[in-house]
Structure formats: structure tokens, C-alpha cells
Amino acid sequence: MTQRDYLDHLAEVPLFAACARNDLKLIARRAENVHVSKGKELVTEGKPGHEFFVIASGQAGVKRKGKKIATLKKGDYFGELALLDRAPRNATVVAETEMELFILGQREFSGVLDEVPGLGHKLLAGMARRLREHDAKSVH
Amino acid sequence: MKKQAYLERLARVPLFRSLTKGDLQRIARLATPHRAYAGEVLTKEGRAGFEFFVIGDGKATVRRKGRKVGALKKGDYFGELALLERVPRNATITADTDMELWVLDGREFGAVLREVPEIAVKLLAGMAHRLSKADAKSLH
């Protein structure tokens, strides 16, 4: 893939959609582009987590205490909670198809958050939505 | 308040601690100080919310559907969920004492997130912690 194709590819991810070309270049430099096969366990509940994942293609299942609780697909991301909270992974995520991922390690993730300000805002909005869904559930 | 004293007060708030002087000045320019009286309603559940609050001094109570669900004190902040998601307030917050607050409206909050990425990262860490706790609770 040429650098240009690669940047276009990154720009297709909703999380990065509003990023300027220079921001995409920076993310491209920091992120690792990885292909995994079906069945690969990407994060393991209870284990420490050191990576943030963005799904470029394919699908993954999220399990907590062995029960499937969600499906993640192209454009979704995961892994940020353990990085930000420095807590163990709160779920297990397994590839349900072949997948292409962009992976940022702890240090790269922090670097990208510092250098691409719009990203922090987007992640915050995503987390706010999840929190609200919890709040709504816990009141009823 | 003299500018210097004002910056020093801001610097004592945990959310703003460890910021450079330039970043503090940026926040000081954007935030509006507000003195709330005991009994003042700061956010109202179900209503639209347009401000983010940081508590410089004083105490407040968080109620959801009339039931007390939390207490806030000096150094705490609130109001970011409704701003990030453009949804109604999920709780009513009432001042228990006279309070000293810093208030940012949606535009100012967005500007702080853009201009001071460290704040976005701190807010992300705070939210990640809340989400982890909420996730853990929803299992039991």
C-alpha cells in the first residue's frame, strides 16, 4: 500500500475522519497495521492492557465472564479503558473473522492524544455515551 | 481578583494541576468564575445542559430521580457528559454551601480540549475510571 492509500484508509475510520492530513500522517507513523486470523484473542479479561485497537475491517466478539455482550465491527475501536485507567481489561475480545487492525501501544496512544487534540474530544464523546447508557440502566 | 492570584487558584484545582503557565492562562481566559449560593441548582436532570463546572470551593449534592447518588467537593468537576453528547442532564446538582466555581460553556469547553490536550487526557482518565466501575457493577 502506498503512503497515500494508507492515509486514505486511515481516514475511512470514523474516529479519524475529521483529522487533518498532517494528523493522519502522525497517526500512521505511530500506529501498527496488523492482520489477524479468525479466532485470535486480542484482549483478555482480567489481564493488563497495553494497546488501543481500531478495526479497519472484520468483526470481533466481546465477552465478559464468558457471556457475549457485544459485537465490534469496521470503524469501531476498543482497549482505551485499560490504557486510560491503568486497570485490567474488563472484557475479552476475540476476532470472529479475519481482521485488519490499527494498533497503538500505550506510549503511542498518549502521544497521539497529545498531538491530535480532536481525538481526545471524540474519545470523550464515545465514553460519555457509554456512561449514559450505564446510568440509564442503573436507575431503572 | 488579581490575575496572578487567579492563576494560582486555578493551578490548585487537580484537573488543572501540572499544566504550564501558558495553558493556565488559556483556561483563565476561557473560564468564567461564578459564585453560587447554598441551595442554588447548578444542573437540572432532564434539562439541556450548556456548561461544564469545576469546583474551586464548596460542596454540592448529586440527585437522580430525587435520590442522592453522589457528593461533589472542591476540585471535582461535572457537566461534561451533557456537553460532549448534547443530551439532557442526567442528574440534578445543588450547591450545599456557598461555592466558588469555574464555568465553561460548550464553545469554551471545546476550545480548552483543543488547545490544552492534557485536559482531554485527564477527563478521559476520569471517565475511563467511571466506566470501569460502571462496567464492574453491571455484572453483579
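So the sequence lines, in the order shown, correspond to chains F and G. Just so it is clear: in the first sequence, position 85 is 85 by our numbering, and no numbers are missing. Just so it is clear: in the second sequence, position 42 is 42 by our numbering, and no numbers are missing. Quick reminder that beta carbons are idealized off the backbone N, C-alpha and C, glycines included.
Asked	Found
F/N22 at chain G interface by Cβ criterion, 9 Å	no
Three CB pairs or more closer than 8 Å across the segment 40 to 60 of chain F and the segment 70 to 90 of chain F	yes
Neighbour list for G/E85 in chain F, Cβ cutoff strictly below 7 Å	A125, A128, R129 and R132
Straight-line Cα distance separating F/L119 from F/K74	18 Å
Contact set between G/L113 and chain F, taken where Cβ atoms lie within less than 8 Å	P117, G120, H121 and L124
Alpha helix (DSSP H) segment containing G/K137, residue limits	P117 to K137
Minimum C-alpha distance to G/G22 - residue among G/A128, G/D135, G/V116 and G/A120	G/V116
Closer than 9 Å to chain F by CB, G/S185	Any answer about residue 185 of chain G is impossible in this case: the structure gives chain G only from 1 up to 140.
For F/S57, the three-state DSSP class (helix, strand or coil)	strand
Alpha helix (DSSP H) segment containing G/R12, residue limits	K3 to R12
Listed by chain order, chain G residues near F/E80 by CB distance under 9 Å	L124 and A128
With 16 other Cβ atoms within 10 Å as the buried cut-off, status of G/G70	exposed
Separation of G/A31 from G/R114, as counted between CA atoms	14 Å
CA nearest to the CA of F/R129, picked from G/L42, G/L72, G/A11 and G/P88	G/P88
Contact between the segment 54 to 64 of chain F and the segment 107 to 116 of chain F (3+ Cβ pairs under 8 Å)	no
Same chain, Cβ closer than 8 Å to F/K68, neighbours up to 5 away in sequence not counted	G61 and V62
Buried or exposed by the 16-neighbour rule on C-beta atoms within 10 Å, applied to G/L15	buried
Distance between beta carbons of G/G49 and G/L101, contact taken as under 8 Å	In fact, because the Cβ distance is near 14 Å, the residues do not count as touching under 8 Å.
CA-to-CA distance, G/T61 to G/A28, given in whole angstroms	26 Å
DSSP state of F/V62 mapped onto helix, strand, coil	strand
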